[in-house]
Amino acid sequence: MDRATLAARLRDILPADAVVADEEALRPYAGDALTAYRRLPRVVALPGCIEEVQAVMRLCALEGVPVVARGAGTGLSGGALPDESGVLLVLARMNRILDLDPVARTARLEPGVRNLAISEAAAPHGLYYAPDPSSQIACSIGGNVAENSGGVHCLKYGLTVHNLLGVKLITADGELLEIGGAALDAPGLDLLALVTGSEGLLGLVVEVTVRLLPTPAATRVLLAAFDAIDAAADAVAAVISGGIVPAGMEMMDRLAIEAAEDFVAAGYPRDAVAILLCEVDGEPDEVETQVARVSEILAASGATGIRVARDAAERARFWAGRKAAFPAVGRISPDYYCMDGTIPRRHLAEVLLEIERLSATFGLAVANVFHAGDGNLHPLILYDANAEGELDRAEAFGARILELCVSVGGTITGEHGVGIEKIDQMCVQFSALELERFHSLKAAFDPDGRLNPGKAVPTLARCAELGGMHVHGGELPHPELERF
Amino acid sequence: MTDCAHELAEQIRAAEASGRPLRIRGGDTRSFLRGDVNDDTEVLDVRPHRGIVAFEPAELVITARGGTPLEEIESTLAEARQCLPFDPPRFAAGSTLGGAVASGLAGPARPWQGSVRDAVLGITLLDGRAGSGRFGGQVMKNVAGYDVARLNAGAMGALGVLLQISLRVAPVPEQRATRVLEAGLAQAREQMTALARRPLPITGLAWEDGRLRVRLAGSEAGVAAAVAAIGGDACEENDRYWNDLRDSRLAFFAGDGPLWRLSLPVTAPQPDLAANWLLDWGGAQRWCRTDAPPETVFAAATALGGHAMRQRPAPARSPLPAAMARLQARIKAVFDPAGILNPGVLYPDSL
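The listed protein sequences derive, respectively, from chains B and W.
Just so you know, the first sequence maps onto residues 96 to 579 in my numbering.
Just so you know, the second sequence maps onto residues 285 to 635 in my numbering.
Written as C-alpha cells, this is what we have:
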C-alpha cells in the first residue's frame, strides 16, 4: 500500500496528529541506537490507547501490512529498525503509570513509561524497580519487555523477566491477550517468559505489570584496582564462591578507565590495568560485614588497591565513571561498536586475553566495560566510519568476538537483543532444528509473519548462504542444507 | 551417569509414527498433578538419563540430565554450601530434576527467591517430533532466540522431555530464624503485606490457625537485626515447619477432602468460600479446604485476579480464556504436532 493511501486509512482510525507520513518528519524514526542501520518506514502511527493500537493492527492485518513496534528507540541491536513497506507503531504516547500499589508492591504501566520513572514514582513508598539498563533515563518499559533488558544489578535482582508479573499483548490480528497478571503465576503454559525478550515478533506489549522491591536500607560500593586482567577476573569468581552475591559487579579495563577519568573524573586509578566496582546492599550491619569480607577476598586475589566509598556522594562518583563509560569512549574515538556476548565467568580471563589478541590482528582498539558478575561482556570496538574499510573490519572483529563467546559455552547477546545486528551470529549459536522451532513458534502467534519481519531469527537459507559462516571442528553448522 | 538421549528419541520416534501417546515419567512423585492420563499409556521413563554434567560453584550454575535424582543435585550443591533457590517440594523420595522443573512447583521462599522458571537458564529439549534442541544456555544473561527454556518450566512435559537443564543456584544463607506472631487471618494479611514492604531478609510468610510465621534467612547480622525489628516469639519447629509446608505434610493438608491452591494478588481479599485456609507466599498462595463446586472456586479466584487448581481428589485447573487456549494449543503443536507427549496433562482437550 502506498504511503498516501496507508496514511489516509490510518487517519480514519487515529487522531490526525497520530499519523506521520511526511518524509522529513519520518527521518527521526529511521533507526534506533544502532545508528549504522537506517531506513524510513512507510508511515509512523502514534496510538494513544489500547483501542487505537488494536484498530491499527486490524487494519494492517486486513491489508497485509508489516508492523514494527518502537518505544524510546534506545535499542542497540536495530530491533526498532522500520520496515520500508510497513507501519512503525510508536508507543511513546502511551506513557502513563496506570496504578502504583505500594501494599501489593506492584505497578501497572503503559508501555511508554520510562524505566527510571517507575523507580522515581515508587521511591516515596520506599520501593524501586530493580532492572536498570544504562539507558534507563530514556528507555521505556515496553522496550525493556521486548528486549528482556538487564542492567547493572541483574546478578542479584534478575533481568526484566524476573521482575514482571504480567503483560497485555496485542496479537498480529489485533486480539488482546492477558498474559500473567497480578498473581505470581498463571494457569497453563508460562507465556510471560516466552513473550519477554521476543523483540516485537510475537505481539505488541501495551501494558506491563511489574513487581517493586523494598529499597535496601544500606548500600556500599568498593573500588578495587588490579595490575592484571586475569587477577581481576579471578577476583570476581572468588567473591561469588565466597557466598556473596553482590548487587553489582562491574569491570573496566585501562582504556575504559582512562576515557572515563578524562570525561567525568570519577577518581579511578589511572595506573590500573583493570578495576572492579562491587556493590553490596542489605541491612546496615550486614553490609558492613560484607564489605569487610569482600575486601579480604579482593586483597587475597591480588588487588593492588581497595577503596570503599565513604558516603553517597563518593558512591555516586564511582558509579558515574561506569555509567558514563560508553559516552566517554565515544569522546576518544569517532565511532565505536558495542558488543554484548555473555560467557561463563570462569572463561573471563581467557576471553579477555583473546579479545586483546584479536584487537592487534584487526588493528582496532577495544575498551572493555562490562557486567563481570554475570559474565556479560561489552567490548567496545573503536573505529572510524569515515576511514575506508574500518566499519567492515569492526563488524568482522565483533563477529569473531561473538563466535568466541559461543565457543566457550556463552551466548551472542546477553541483554541487547539480536535485532538485525546479530542475526547472522544466530546461525552460529543455533542449529537448523532450533531455528525451525523458533519460526514455528513465531507462526503460532503471527502466521503471516508481519510483526517485525526479518529480525531476531534468521531464515535457514540466510544461514546457509552466509559468507562468513565458520566451520567448527570440520562440522558445518547446517550440514543438511545445500551450499551455494 | 548415563546418556540415554538416543534411546528416548527412538521411543518418541516410534510413538510418533504409530500415533500412540506417551506418559513421561521421572520419579512419579508428582503424578497427582497429572490430569486425564490413562494408566495404560506407554511410559517414557526418563530416570536412566541421569547425571550431573557440570557444576562450578563459582558460576552459581548447575547442569544436569533430566533423570538425575533431586537428592543427588541437592547433596552436590550442599557440599559447596549452595542450594536450589526455588526449593522444590519433596513429596516422596526419588524425585527427579526434570520432574521438579516440569511441574514448576516452588517452596515458601518463592516470592523472594523466585520461581522454578526464574532459576532456569537453559534446557536441552527432546520434543514430540523426536527433535533435540538446546535453548537458553549456562549463563545468567542470554536473550538470543525465544525463551523456550523458561517456557518449559511448569509445562508438565507438554512440549517435550527435559533432557538436560541448567539452573541458577544460590548460596545457602549463613543463618535462618523463624518468628511467630499471634494474629487472626485479616490482621495477618495486613502484617504480611506490611512486612514485605520493608527491606528485611524474609524468605517465608505463612499463616494458619491464628499464627503468622516469618522466616528470615541471610547473614548473621542481617537476621539478628530483622529478628529485633519484627519481634514475636522464636519458633521451635523452625525448618521442620517450612519443610512440611513446602511438602504439603502439615496436618492442614491431611484427609481426603478436596484440596485447592489459589494463586491470588497479595492484596486480594479472602474469597467468599466456606473453607479452611492456610496462607503461604505472603498471601499470594492460599491453600483451601472446601467442598464448594469447582466452578465456584474458579469463579472466585478469577474475580480476584488470580486462578485456582484443585490438587485432590483429581487435578482441575482454572479454564483458559478461549483465545489463550487456542494459542497454547498452537504452541503445543509446534513441539508435539501429533499430540503424543503427556496429552491432556494440563488441560484435557487442548494440552
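Where is the CB? At the ideal position from N, CA and C, for every residue including glycine.
No experiment lies behind these values; they were computed from the predicted model shown.
- Unbroken alpha helix (DSSP H) runs of no fewer than 4 residues, entirely contained in the stretch 363 to 393 of chain W, are found at 381 to 387, following chain order.
- At a cut-off of 8 Å between beta-carbon atoms, W:SER532 makes no contact with chain B.
- Under the three-state reduction of DSSP output, B:GLU529 falls in the helix class.
- Proximity of W:SER387 to chain B, defined by a Cβ-Cβ separation below 8 Å, is not satisfied.
- Boundaries of the beta strand (DSSP E) around W:HIS591: 591 to 596.
- Contact check for B:MET521 against B:ILE476 fails: the beta carbons are separated by 8 Å or more.
- When DSSP states are grouped into helix, strand and coil, B:LEU447 belongs to the helix group.
- B:MET521 belongs to the set of residues whose beta carbon lies under 8 Å from a beta carbon in chain W.
- Taking W:ILE308 as the centre and dropping the five residues before and after it, the same chain places the C-beta of LEU328, VAL330, GLY441, VAL445, LEU625, ASN626 closer than 7 Å to its C-beta, in chain order.
- Assigned with DSSP and collapsed to three states, B:TYR431 falls in strand.
- Rounded to whole angstroms, the gap between the alpha carbons of B:SER293 and B:VAL240 is 8 Å.
- For W:SER416, the three-state secondary structure derived from DSSP is strand.
- Around the C-beta of B:ARG191, fewer than 16 other C-beta atoms lie within 10 Å, and the residue is accordingly described as exposed.
- Classified as buried, W:ARG413 has 16 or more neighbouring CB atoms from the shown chains inside 10 Å of its CB.
- Using a CB distance cut-off of 8 Å, B:PHE533 counts as an interface residue toward chain W.
- Judged by beta-carbon spacing, B:GLY436 lies beyond the 8 Å limit of B:GLY337, meaning their Cβ atoms are not closer than that value.
- When the beta-carbon positions are compared, B:ALA398 and B:ALA330 come within less than 8 Å of each other.
- Assigned with DSSP and collapsed to three states, B:ASN547 falls in coil, not helix or strand.
- Counting of Cβ neighbours within 10 angstroms places B:ALA367 among the buried residues, the total reaching 16 or more.
- In terms of beta-carbon proximity, B:VAL552 lines the interface with chain W, with at least one pair separated by less than 8 Å.
- Chain order gives the chain B residues near W:GLU343 as PRO439, ARG440, ARG441, where near means a beta carbon separation below 7 Å.
- For B:ASP178, there is no enclosing alpha helix (DSSP H), as DSSP gives it neither H nor E.
- Note on geometry: alpha-carbon atoms of W:LEU361 and W:PRO599 lie some 32 Å from one another.
- At least one CB atom of chain B sits nearer than 8 Å to the CB of W:TRP565.
- Residues are counted here when their Cβ sits less than 7 Å from a Cβ of chain B; for the stretch 535 to 557 of chain W these are SER547, LEU548, PRO549, VAL550, THR551, given in chain order.
- Taking a Cβ-Cβ threshold of 8 Å, the residues of chain W close to B:GLY253 are GLY398, ASP402, in chain order.
- Taken atom to atom, the span from the alpha-carbon of B:GLY468 to that of B:GLU445 is near 16 Å.
- For B:VAL501, the enclosing alpha helix (DSSP H) stretches over residues 485 to 502.
- Ranked by Cα distance from W:TRP565, the options W:LEU389, W:ARG460, W:GLY415, W:SER503 are led by W:LEU389.
- Secondary structure at W:LEU500: strand, using DSSP grouped into helix, strand and coil.
- For B:PRO309, the secondary structure class from DSSP, reduced to helix, strand or coil, is strand.
- Per DSSP, W:VAL618 is one residue of the alpha helix (DSSP H) stretching across 606 to 619.
- Around W:LEU410, the same chain offers ALA289, LEU292, ALA293, ILE296, SER416, GLY444, VAL445, LEU447 as residues with beta carbons nearer than 7 Å, after the five sequence neighbours per side are excluded.
- Scanning B:ARG137, B:SER229, B:THR130, B:ALA332 for the CA closest to the CA of B:HIS473 turns up B:SER229.
- Cβ contact annotation for B:ALA328 (same chain, cutoff 6 Å, sequence separation greater than five): LEU443, ALA444, in chain order.
- Residue nearest to B:GLU516 within the set B:LYS550, B:PHE540, B:VAL256, B:GLU485 is B:LYS550 (criterion: CA-CA distance).
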